[in-house]
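J.: So in my numbering, the last spot in the sequence shown is 190, and the numbers never skip.
Ideal Cβ positions, reconstructed from N, Cα and C, are used throughout, including at glycine.
The structure presented is a predicted model; accordingly, all values stated were derived computationally and were not measured.
I am attaching a structure below and will ask some questions about it afterwards.
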Amino acid sequence: MAGARRLLAERGYARITSRDLAAAAEAPLGTINYHYGSKEALLNAALLETLREWGDRTMPPAEPTAGDDAERLDRMWSRIIASVSADRPMLLAAVEAYAQAERSPDIRRQIAEALEASRPRMARELHDLDAETDPDVDERTARAVGSVHMALTTGLIHQWLVDPERAPDAAELALGLRAIAHRLETAGR
């Protein structure tokens, strides 16, 4: 697993061969299929483990005194932006893996499950919306809020990977969300 994670950072997802993985693990070529079933399964496991760790670093559990929603969002977006430089190879490997999902039902399933698990976590950690523990919060709303954050997060990462000079910072994202919220609020009157 450690060798696969290192190769993901060095070469990206699409350029790793089974021989590369075996050499990194200092193990016979057949051990990949024996232990993981396929090269893709090993890479998926390594990538998902790395992304879970990344998620824990960029969005640690909220503390009761963690501030209001705006402060929590600012901290999360600032951590994500900082992580693009620090974790660039891993984030690029994730983008490559997303592209592979079109042709691999296994990759698609694993990524989809990881995304689905992230939705309620984002709603809970960023807005205290937890359908499991709060009877006033319905599951659909919590999922919708988490989905919006997933879209913002992936879009923010892609912008910083492609064009860091012009990508939005945390303050610009907040400004944009406030403007959108204001427009939605005034449109409903």
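What does the alpha-carbon distance come out to for the pair tryptophan 78 and threonine 18?
T.: Cα to Cα, the separation comes out at about 34 Å.
J.: Taking the runs of the alpha helix (DSSP H) that are 4 residues or longer, which of them lie wholly in the region 61–111?
T.: Those alpha helix (DSSP H) runs which fall completely within the region 61–111 and span 4+ residues are 70–87 and 89–101.
J.: Report back the beta-carbon spacing between valine 146 and leucine 130 to the nearest angstrom; my notes put them in contact at under 8 Å.
T.: About 6 Å; that satisfies the 8 Å criterion.
J.: Taking 8 Å as the cut-off, does the region 70–86 touch the region 32–39 (at least 3 CB pairs, one atom from each stretch)?
T.: With the cut-off at 8 Å, the region 32–39 and the region 70–86 do not touch.
J.: Check tyrosine 14 in the structure and name its three-state DSSP category.
T.: Tyrosine 14 falls in the coil class under three-state DSSP.
J.: Run through DSSP, which three-state label would methionine 191 get?
T.: Nothing can be reported for residue 191: it is not among the residues displayed for the chain, which extend from 2 to 190.
J.: Roughly how many angstroms lie between the CA atoms of valine 163 and aspartate 170, to the nearest whole one?
T.: The straight-line gap from Cα to Cα measures roughly 14 Å.
J.: Do you know offhand how far arginine 12's Cα is from alanine 98's?
T.: Going from the Cα of arginine 12 to the Cα of alanine 98 covers about 12 Å.
J.: Would you mind stating whether alanine 5 and leucine 43 have Cβ atoms separated by less than 8 Å?
T.: Yes.
J.: Cβ of alanine 132 within 8 Å of Cβ of alanine 115?
T.: The answer is no: Cβ separation not under 8 Å.
J.: Let me check understanding here. Comparing Cα to Cα, which of Leu8, Leu74, Ala95 and Gly31 lies closest to leucine 176?
T.: Ranking Leu8, Leu74, Ala95 and Gly31 by Cα distance to leucine 176 puts Leu74 first.
J.: Taking the alpha-carbon positions, what's the arginine 179 to alanine 118 distance?
T.: If I take the Cα positions, the gap works out to 27 Å.
J.: Got a sec? Which residues, its chain only, sit under 6 Å from proline 121 by beta carbon, not counting five neighbours each side?
T.: Answer for proline 121: Ala143 and Gly147, listed in chain order.
J.: Identify whether proline 165 lies in helix, strand or coil by the three-state DSSP scheme.
T.: In the structure shown, proline 165 sits in coil (DSSP, three-state: anything other than H, G, I, E or B).
J.: Roughly how many angstroms lie between the CA atoms of histidine 128 and leucine 174, to the nearest whole one?
T.: Going by the C-alpha atoms only, they are around 16 Å apart.
J.: Figure out for me which residue from Ile108, Ala152 and Ser86 has the closest Cα to the Cα of alanine 124.
T.: When only C-alpha atoms are compared, the closest one is Ala152.
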